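For reference, the structure discussed in these notes is given below.
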Amino acid sequence: MPDYDDKLVINCATWFEVEAAIHKVAIQNPNVEQNTLENALQFVKFATERYQVPNEICLGYWPTIRIIWLYSIPPIEIEIFDTRYEYYAFEDKWTDIQEFEIMPDTFPEALKLLLDTTISHSIKLNNPAIT
Numbered sequence: 496m497p498d499y500d501d502k503l504v505i506n507c508a509t510w511f512e513v514e515a516a517i518h519k520v521a522i523q524n525p526n527v528e529q530n531t532l533e534n535a536l537q538f539v540k541f542a543t544e545r546y547q548v549p550n551e552i553c554l555g556y557w558p559t560i561r562i563i564w565l566y567s568i569p570p571i572e573i574e575i576f577d578t579r580y581e582y583y584a585f586e587d588k589w590t591d592i593q594e595f596e597i598m599p600d601t602f603p604e605a606l607k608l609l610l611d612t613t614i615s616h617s618i619k620l621n622n623p624a625i626t
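This is the structure in structure tokens:
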């Protein structure tokens, strides 16, 4: 996984904490564009009913907002920009990186399919009672 400043990492246990962490990252970093913040909140709105809670929220380089599932198999990160999502799956010897354009009032179907496969699969591996 990429290196990042530990002071900017916020651990989360609920989707409510994820949303609060996104706001905190944006408030502490005035260079985060309003569109990036809105896109991150839209991502949370989409993901809340579908996926397990991510482990960490942090500031990205550009500045972006990063949402990280450390314990998924493989570990997954969504980096949210003002115009796109970037998906990272950190495999043992390589990283799968894909970009998805953000369109108003819709969520990229290809990204949804990736998240359904990786995050939902990880939930089932960690809890065999889920079918």
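Under this note's numbering, the first residue of the sequence shown carries the number 496, and numbering increases by one thereafter.
A virtual CB, placed ideally from N, CA and C, is assigned to each residue, including glycine.
Only a predicted model underlies this, so the values are computations on that prediction, with no experimental measurement involved.
{"Check": "Output yes or no for whether 8 angstroms exceeds the beta carbon distance between Thr-531 and Ile-573.", "Outcome": "no"}
{"Check": "When we look at the beta-carbon of Thr-613 and count the other beta-carbons within 10 Å, is it buried (16 or more) or exposed?", "Outcome": "buried"}
{"Check": "For Tyr-580, write down the residues that DSSP places opposite it in a beta bridge.", "Outcome": "Ile-575, Phe-595"}
{"Check": "Kindly indicate the opening and closing residues of the alpha helix (DSSP H) around Leu-536.", "Outcome": "529-542"}
{"Check": "With DSSP as the reference, please indicate the residues paired to Phe-585 in a beta bridge.", "Outcome": "Thr-590"}
{"Check": "Can you tell which of Pro-570, Ile-563, Glu-581 has the C-alpha that lies nearest to the C-alpha of Trp-510?", "Outcome": "Ile-563"}
{"Check": "Start and end of the alpha helix (DSSP H) containing Trp-557?", "Outcome": "Per DSSP, Trp-557 belongs to no alpha helix (DSSP H) and is neither H nor E."}
{"Check": "Applying the criterion that 16 or more other CB atoms from any shown protein chain within 10 Å of the CB defines a buried residue, is Asn-526 buried or exposed?", "Outcome": "exposed"}
{"Check": "Are the CB atoms of Val-504 and Cys-553 nearer to each other than 8 angstroms?", "Outcome": "yes"}
{"Check": "Going by Cα to Cα distance, which pick from Lys-519, Ile-568, Pro-569, Trp-557 is closest to Tyr-580?", "Outcome": "Trp-557"}
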